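K.L.:
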Amino acid sequence: MPFASAGRVRRGKACFPGGLLATLTDPGFFAMSSPRSNPVVLITGACGDIGRSLARIFAGQGSSLALVDLRSADGAEAQLAEWRKLGVSVCFRRVDVREPPAMNAFVAEAVRELGGLDVCIVNAGIVERGALLELTVEAWRRTLDVNLTGAFVTAQAAARAMVAAGRGGHIVFISSWVQDVPREGIGAYSASKGGMKMLAKTLALELAPKGIRVNLVAPGWVDAGLTGQHLQAHPERRPQVERQIPLGRLATADEVARAVRLLCSPDAAYVNGATLLLDGGSSLGLGR
Ligand SMILES: NC(=O)c1ccc[n+]([C@@H]2O[C@H](COP(=O)([O-])OP(=O)(O)OC[C@H]3O[C@@H](n4cnc5c(N)ncnc54)[C@H](O)[C@@H]3O)[C@@H](O)[C@H]2O)c1
C-alpha cells in the first residue's frame, strides 16, 4: 500500500517496490509532493513486540527503516541482516527517546543515510502498575518521561526534519484505549496516554499546513508486549480479560501495525488528528 501525505493532489502513476503499482487517479488520493520509491519510516521502541511487527510490515512494502530502542538490537540482528539481504535499508541505533540531543542526532543521521523521513511512529512505551494512592512520584515521573516527554521529543525531531524537507509526511502515535477510559492500577500510564492524545491533536493542527498528518492508534489489550508480559506473569487474568472484550480475543501486534499502515495510506488521506480505536469493542462494554 503506497503512502500518502496531506500534500497537494497529483495525478498519474507511481511505482512502489514490491511490484505494487498505484494508479493515482482518484481526486481524494494525495501523494507526497515528491513521491519516493522507498519511504523512510522511523519507529521507536523497535525491539518491542509491536515495534517489531511495525518494522516487518513496513519493510514488507519496501520502506527503509530508521529504528531506535533503549535495548540493543542483539536479538534482532538476524532479522536486520535478513532485511538487508532483501534490499531493505535499515539504520538501527540505541537511543533513549527522553534525550533530545540523541533523538535529534538520530533523525539527522537517518535523513542523511536513508535519504529523508516520511513516517514517524511513536511507539516506545512503558507501564508502571500501582493504584494512585500507592504510586511513588518516581514511578509517575518515569512513566510521563518515557510515554509523554519521549513522544514529544520524538515527534518534534521528526516533524522538524519533515518541515525542512518540505515533502509532508505522517506521524502516528501508539496510544491506548486508556487515553479515554480510566482503569484501576495504571493511572500514570493512562495519564501519559491522555497527554499523548492532546499532544497529537495539537501537532495535527500545527502541522496540517505543512502537509503532515498526525493521528493515533489506540489499541486495547494486545496479546504481546506490555500486556503479553503481564498475562504471562498472571495467566489467571487471561480468561477475565477475554470476557471483557466483545470480540472475545486480544488483538495481535500485527493488527496494530496494519492499523498504522492504514492511517498512512491514501485511504486515510483526509484523516487528521484522529484516534483509530482498536479495542475489539472493549470500551463499549464498560457499562454492562
Ligand atoms: N501490549 C499492549 O497491550 C498495548 C496496548 C495498548 C498500547 N500499547 C502501546 O504499544 C507500544 C509498544 O508497546 P509493546 O506492548 O510492544 O511493549 P514492549 O515492551 O514489547 O515494547 C516497548 C519498547 O519500548 C522500548 N523503550 C522503553 N523505554 C524507552 C526509551 N526511553 N527509549 C527508547 N525505547 C524505549 C522498550 O525497550 C521496548 O522495546 C507502547 O507505547 C504501549 O503503550 C501496548
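In my numbering, the protein residues as written are 118 to 405. Quick reminder that beta carbons are idealized off the backbone N, C-alpha and C, glycines included. This structure is a prediction, so every number in the text was calculated from the model and none was measured.
1. For Lys202, count neighbouring C-beta atoms within 10 Å of its own C-beta (all shown protein chains included) and say buried if the count is 16 or more, exposed if not.
2. If you measure between the beta carbons of Ser292 and Arg300, is that distance less than 9 Å?
3. Assuming Pro438 and Gly397 form a contact by the criterion Cβ under 8 Å, report the distance between their Cβ atoms to the nearest whole angstrom.
4. Quick one: what does DSSP say Arg246 is sitting in, helix, strand or coil?
5. For Thr271 versus Thr392, is the C-beta spacing smaller than 9 Å?
6. Let me check you understand the geometry: is the CB of Tyr387 closer than 8 Å to at least one non-hydrogen atom of ligand 1?
7. Kindly list the residues whose CB is nearer than 6 Å to the CB of Ser400, restricted to its own chain and excluding five residues on each side of it in sequence; keep chain order.
8. What's the C-alpha gap between Ile238 and Gln357?
9. So, are the CB atoms of Ile174 and Ala374 less than 9 Å apart?
10. Please state the DSSP three-state secondary structure of Ala256.
11. Check the C-beta distance from His287 over to Cys381 and give it rounded, since I have them as a contact under 8 Å.
12. Pro282 to Glu230, Cα distance in whole Å?
13. Identify, in the order they occur along the chain, each residue of the same chain with its Cβ nearer than 6 Å to the Cβ of Arg187, setting aside the five sequence neighbours on each side.
14. If Ala386 and Thr369 are in contact, beta carbons under 8 Å, what's the gap, nearest whole angstrom?
15. Nearest to Met313 by alpha carbon, out of Trp338, Thr260, Arg354?
P.N.:
Here's the rundown:
1. With fewer than 16 other Cβ atoms inside 10 Å of its own Cβ, Lys202 counts as exposed.
2. The answer is no: Cβ separation not under 9 Å.
3. Nothing about residue 438 can be reported from this structure: the residues present for the chain run from 118 to 405 only.
4. Three-state result, Arg246: coil.
5. 9 Å or more divides the Cβ of Thr271 from the Cβ of Thr392.
6. It does not: the Cβ of Tyr387 is nowhere closer than 8 Å to a heavy atom of ligand 1.
7. If we look at Ser400 and ignore the five residues flanking it on each side, its Cβ neighbours are Trp294, Val298.
8. Their Cα atoms are separated by approximately 31 Å.
9. With contacts defined as CB atoms closer than 9 Å, Ile174 and Ala374 qualify as a contacting pair.
10. Look at Ala256 here: in three-state DSSP terms it is helix.
11. Right, the Cβ-Cβ distance comes to about 5 Å (below 8 Å), so this counts as a contact.
12. According to the sequence as given, residue 282 is Ala; it is not Pro. Going from the Cα of Ala282 to the Cα of Glu230 covers about 15 Å.
13. At residue 187 the sequence reads Leu, which differs from the Arg that was named. Around Leu187: Asp213.
14. With 8 Å as the limit, Ala386 and Thr369 do not qualify as a contact, their Cβ atoms being about 26 Å apart.
15. Ranked by Cα distance from Met313, the options Trp338, Thr260, Arg354 are led by Thr260.
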